[in-house]
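**Student:** Protein sequence lines correspond, in order, to chains X and C.
13 is the number of the first residue of the first sequence in this note's numbering; add one for each residue after it.
13 is the number of the first residue of the second sequence in this note's numbering; add one for each residue after it.
Got a structure for you, written out below as structure tokens; questions coming shortly.
Protein chains: 2
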Amino acid sequence: MNKNPDKKKAIVLFSGGLDSTTLLVYVLDQGYNVCPLTFLYGQKHSVEVERSKNILKKYDLLPSQITFNIDLSFFKNCSLINTLLEVPTSNKNEIPSTYVPSRNLIFLSIASGLAETINAEKIFIGVNSVDYSGYPDCRREFIDSFNKTLNAGTKQGLKNKLHVEAPFTEMSKKEIIELGVTLNVDYSMTHSCYNPSKEGSACGNCDSCRLRLTGFKQANLKDPLDYISNL
Amino acid sequence: MNKNPDKKKAIVLFSGGLDSTTLLVYVLDQGYNVCPLTFLYGQKHSVEVERSKNILKKYDLLPSQITFNIDLSFFKNCSLINTLLEVPTSNKNEIPSTYVPSRNLIFLSIASGLAETINAEKIFIGVNSVDYSGYPDCRREFIDSFNKTLNAGTKQGLKNKLHVEAPFTEMSKKEIIELGVTLNVDYSMTHSCYNPSKEGSACGNCDSCRLRLTGFKQANLKDPLDYISNL
Numbered sequence: 013m014n015k016n017p018d019k020k021k022a023i024v025l026f027s028g029g030l031d032s033t034t035l036l037v038y039v040l041d042q043g044y045n046v047c048p049l050t051f052l053y054g055q056k057h058s059v060e061v062e063r064s065k066n067i068l069k070k071y072d073l074l075p076s077q078i079t080f081n082i083d084l085s086f087f088k089n090c091s092l093i094n095t096l097l098e099v100p101t102s103n104k105n106e107i108p109s110t111y112v113p114s115r116n117l118i119f120l121s122i123a124s125g126l127a128e129t130i131n132a133e134k135i136f137i138g139v140n141s142v143d144y145s146g147y148p149d150c151r152r153e154f155i156d157s158f159n160k161t162l163n164a165g166t167k168q169g170l171k172n173k174l175h176v177e178a179p180f181t182e183m184s185k186k187e188i189i190e191l192g193v194t195l196n197v198d199y200s201m202t203h204s205c206y207n208p209s210k211e212g213s214a215c216g217n218c219d220s221c222r223l224r225l226t227g228f229k230q231a232n233l234k235d236p237l238d239y240i241s242n243l
Numbered sequence: 013m014n015k016n017p018d019k020k021k022a023i024v025l026f027s028g029g030l031d032s033t034t035l036l037v038y039v040l041d042q043g044y045n046v047c048p049l050t051f052l053y054g055q056k057h058s059v060e061v062e063r064s065k066n067i068l069k070k071y072d073l074l075p076s077q078i079t080f081n082i083d084l085s086f087f088k089n090c091s092l093i094n095t096l097l098e099v100p101t102s103n104k105n106e107i108p109s110t111y112v113p114s115r116n117l118i119f120l121s122i123a124s125g126l127a128e129t130i131n132a133e134k135i136f137i138g139v140n141s142v143d144y145s146g147y148p149d150c151r152r153e154f155i156d157s158f159n160k161t162l163n164a165g166t167k168q169g170l171k172n173k174l175h176v177e178a179p180f181t182e183m184s185k186k187e188i189i190e191l192g193v194t195l196n197v198d199y200s201m202t203h204s205c206y207n208p209s210k211e212g213s214a215c216g217n218c219d220s221c222r223l224r225l226t227g228f229k230q231a232n233l234k235d236p237l238d239y240i241s242n243l
């Protein structure tokens with residue numbers, strides 16, 4: 013599916029979660045030569061990164077994957093990273109402690125350096141702001157501004173040959189799942205939980221599990237994942 | 013010099029080179045509580061990072077230094093990183109091979125995450141575009157755009173409490189050196205060469221050495237550094 017060298021190259025930020033897996037299949041379907049980029053940044057839910065390899069195998073993309081290690085353990089205010097902080101189980105309509113300071117800014121910056129190195133003109137990211145957890149770096153406004161910064165501050169951007177695409181920004185979780193179903197995405201292979209058990213089961217209670225379960229419910233579909241507790 | 017907890021915190025991107033050392037002393041002089049941030053990214057000229065510790069000791073800042081490791085060896089087109097590529101010795105008026113893709117974008121992104129973590133409202137970077145080597149990420153246009161991206165995509169930026177300052181953008185190397193002299197910067201402790209000898213002596217030929225030597229000449233000052241060959 014990814015063997016035609018004439019296809020345009022695209023980097024896809026890919027964690028193995030629901031959004032980025034749907035994105036990966038969507039970008040392949042658009043005819044790009046896909047280079048999946050996965051970050052290991054000390055996240056508690058790195059089980060999704062392990063599972064992501066099975067998804068990549070299915071699409072013959074494992075050899076193209078770039079795994080980038082970056083230690084963000086200094087960001088000790090973040091409950092996704094600091095093992096002393098609990099992941100919250102309800103969204104109080106403010107930016108939650110799972111916010112990783114500047115995460116998408118850092119990830120997109122590194123992706124742009126990689127894109128310049130391998131001559132990829134597109135970087136795809138699966139952020140969405142409809143059902144998002146209050147993260148400022150998941151909004152269209154951030155993506156648009158970042159693109160202007162690429163145009164001002166990178167060699168490829170100056171030539172207008174580097175662009176971030178965030179096609180899911182205005183989509184709800186329900187709509188992303190419905191798109192994925194039309195593209196035959198196997199959601200039993202994806203993992204979304206911020207707070208998985210040691211065996212890798214989803215908690216069913218964190219913001220990310222809640223959004224996912226609600227999305228499936230609204231799409232009148234059953235989430236094929238096993239949960240420790242189900243809402 | 014840095015002991016007053018009531019002072020506002022500022023992160024200073026500090027490599028131990030001429031520009032960032034002048035910047036460090038300038039920001040201290042402005043009355044900030046300074047947190048020096050040094051990146052180890054696989055650069056050939058990491059000797060400057062070693063020497064930087066002596067400068068920080070002088071200003072009692074060594075305990076405040078954050079050293080951030082990020083492996084950019086994937087950026088193999090860059091002659092500052094790839095040992096198989098030669099560092100160029102003349103500037104042909106184009107973006108040279110010493111350009112590290114998205115370097116300042118990546119560094120400022122990480123700095124903004126750190127700033128949010130330690131509640132620093134300012135990030136200082138010593139880029140300058142007058143004598144710069146053609147790097148797009150050293151220009152005022154890039155810094156201004158990056159600040160807008162911070163305002164759109166970070167928790168502190170949304171509150172207008174995170175800002176990058178690049179006070180040297182419009183200054184020539186001569187002017188930066190003249191400022192440093194008024195602030196008693198000891199330039200014998202700074203290191204600028206892209207291509208140092210094993211013993212750490214400056215080559216005198218790379219873009220960075222040439223700019224530095226020309227700056228001292230224009231300021232009618234003698235550069236206190238030893239060079240292998242002097243223009």
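C-beta atoms are modelled at their ideal positions from N, C-alpha and C, and glycine is treated no differently.
Going by C-alpha to C-alpha distance, which of 59/X, 78/X and 192/X sits closest to residue 123/X?
**Tutor:** Here the closest residue by C-alpha is 78/X.
**Student:** So, with DSSP's three-state summary, where would you put residue 236/C?
**Tutor:** Coil, per DSSP.
**Student:** Can you give me the Cβ contacts of residue 118/C inside the same chain, cut-off strictly under 8 Å, excluding the 5 residues immediately before and after it?
**Tutor:** Once the five neighbours on either side are set aside, the close Cβ partners of residue 118/C are 82 and 84.
**Student:** Return yes when the Cβ of residue 138/X is within less than 8 Å of the Cβ of residue 219/X, no when it is not.
**Tutor:** Taking 8 Å as the Cβ cut-off, residue 219/X and residue 138/X do not qualify as a contacting pair.
**Student:** Under 8 Å, Cβ to Cβ, is there at least one residue of chain X near residue 164/C?
**Tutor:** Interface residue, yes.
**Student:** For residue 23/X and chain C, any beta-carbon pair shorter than 8 Å?
**Tutor:** By this cut-off, residue 23/X is not an interface position.
**Student:** Determine, using beta carbons only, whether residue 225/C comes closer than 8 Å to chain X.
**Tutor:** Not one chain X Cβ lies under 8 Å of residue 225/C.
**Student:** For residue 235/X, count the other beta carbons within 10 Å of its own beta carbon; 16 or more makes it buried, fewer makes it exposed. Which is it?
**Tutor:** Looking at its Cβ environment, which holds 16 or more other Cβ atoms inside 10 Å, residue 235/X is buried.
**Student:** Reducing DSSP to helix, strand and coil, say where residue 22/C ends up.
**Tutor:** Reduced to three states, the DSSP call for residue 22/C is strand.
**Student:** How would you label residue 24/C, buried or exposed, when you count the other beta carbons within 10 angstroms and need 16 or more for buried?
**Tutor:** With 16 or more Cβ atoms within 10 Å of its Cβ, residue 24/C is classed as buried.
**Student:** How would you list, in chain order, the residues of chain X whose beta-carbon sits under 9 Å from the beta-carbon of residue 125/C?
**Tutor:** Ordered by position in chain X, the residues that pass the 9 Å Cβ test against residue 125/C are 84, 86, 87, 112, 113, 114, 115, 117 and 118.
**Student:** Taking any Cβ of chain X, which residues in the segment 175-192 of chain C have a Cβ under 9 Å from it, in chain order?
**Tutor:** The segment 175-192 of chain C vs chain X, Cβ under 9 Å: nothing.
**Student:** Using the three-state DSSP reduction, which class does residue 127/C fall into: helix, strand or coil?
**Tutor:** If DSSP states are grouped into helix, strand and coil, residue 127/C belongs with the helices.
**Student:** In the segment 67-83 of chain C, which residues sit with their C-beta less than 8 Å from some C-beta in chain X, listed in chain order?
**Tutor:** Against chain X - using a Cβ distance shorter than 8 Å - the residues of the segment 67-83 of chain C are 78, 80, 81, 82 and 83.
**Student:** Which residue wins for smallest C-alpha separation from residue 191/X, given the options 125/X, 135/X, 222/X and 36/X?
**Tutor:** Checking every option, the nearest Cα to that of residue 191/X belongs to 36/X.
**Student:** Give the secondary structure of residue 243/X by DSSP, where H, G and I count as helix, E and B as strand, and everything else as coil.
**Tutor:** Unreliable placement is indicated for residue 243/X, whose pLDDT of 47 sits below 50; no coordinate value is reported for it.
**Student:** Along chain X, which residues have their Cβ under 7 Å away from the Cβ of residue 50/C?
**Tutor:** By Cβ distance, chain X contributes nothing, its closest Cβ being about 13 Å from residue 50/C, past 7 Å.
**Student:** Applying the 10 Å Cβ sphere with the 16-neighbour rule, what's the burial state of residue 69/C?
**Tutor:** Exposed: under 16 other Cβ atoms inside 10 Å.
**Student:** If you measure between the beta carbons of residue 150/X and residue 157/X, is that distance less than 8 Å?
**Tutor:** No, the pair does not count as a contact, with Cβ atoms beyond the cut-off.
**Student:** Quick check: the Cα distance between residue 154/C and residue 125/X, rounded to an integer number of angstroms?
**Tutor:** Taking the straight line from one Cα to the other gives about 15 Å.
**Student:** Closest to residue 28/X by C-alpha separation, out of 62/X, 40/X, 53/X and 208/X, would be which residue?
**Tutor:** For residue 28/X, the nearest C-alpha among the options comes from 62/X.
**Student:** Just the Cα atoms here: how many angstroms apart are residue 214/X and residue 237/X?
**Tutor:** If I take the Cα positions, the gap works out to 8 Å.
**Student:** Counting along the chain, where does the beta strand (DSSP E) carrying residue 177/C start and finish?
**Tutor:** Note, residue 177/C: beta strand (DSSP E), 175-177.
**Student:** Less than 8 Å between CB atoms is the rule here; does residue 202/C satisfy it with respect to chain X?
**Tutor:** Chain X contact via Cβ: absent.
**Student:** Give the straight-line distance between the Cα atoms of residue 223/C and residue 184/X, rounded to the nearest whole angstrom.
**Tutor:** Rounded to whole angstroms, residue 223/C to residue 184/X spans 53 Å at the Cα level.
**Student:** What residue from 67/C, 240/C and 33/C has the CA that sits closest to residue 211/C's CA?
**Tutor:** Ranking the options by Cα distance to residue 211/C, first place goes to 240/C.
**Student:** Which runs of the alpha helix (DSSP H) fall wholly inside the segment 44-89 of chain C and span at least 4 residues, in chain order?
**Tutor:** Runs found: 59-70.
**Student:** Quick one: is residue 90/X buried, meaning 16 or more other Cβ sit within 10 Å of its Cβ, or exposed?
**Tutor:** Caution is warranted here: a pLDDT of 47 is assigned to residue 90/X, below 50, making its placement in the model unreliable, and no coordinate value can be reported.
**Student:** If you check the beta carbons only, do residue 179/X and residue 71/X fall under 8 Å apart?
**Tutor:** In this structure, residue 71/X does not lie closer than 8 Å to residue 179/X by Cβ.
**Student:** Determine which residues of the segment 129-149 of chain X have a Cβ less than 7 Å from any Cβ of chain C, and write them out in chain order.
**Tutor:** Under the 7 Å Cβ criterion, the segment 129-149 of chain X contributes 129, 148 and 149.
**Student:** Ordered along the chain, which non-local residues of its own chain (more than five positions away) have a Cβ less than 7 Å from that of residue 64/C?
**Tutor:** Excluding sequence neighbours, residue 64/C sits near 26, 27, 28 and 50.
**Student:** So residue 171/X contacts chain C; which residues on that side make the cut at Cβ distance below 8 Å?
**Tutor:** The premise fails here: residue 171/X is roughly 10 Å from chain C at the closest Cβ pair, so nothing lies under 8 Å.
**Student:** To the nearest angstrom, report how far apart residue 172/C and residue 134/C are at their CA atoms.
**Tutor:** Each residue's alpha carbon lies about 11 Å from the other.
**Student:** Which residues, in chain order, does the segment 26-56 of chain C contribute to contact with chain X at a C-beta distance below 7 Å?
**Tutor:** Against chain X - using a Cβ distance shorter than 7 Å - the segment 26-56 of chain C contributes no residues.
**Student:** Which whole-angstrom value is the C-beta distance of residue 47/C and residue 21/C, which I expect to be below 8 Å?
**Tutor:** About 6 Å separates the two Cβ atoms, so the contact holds.
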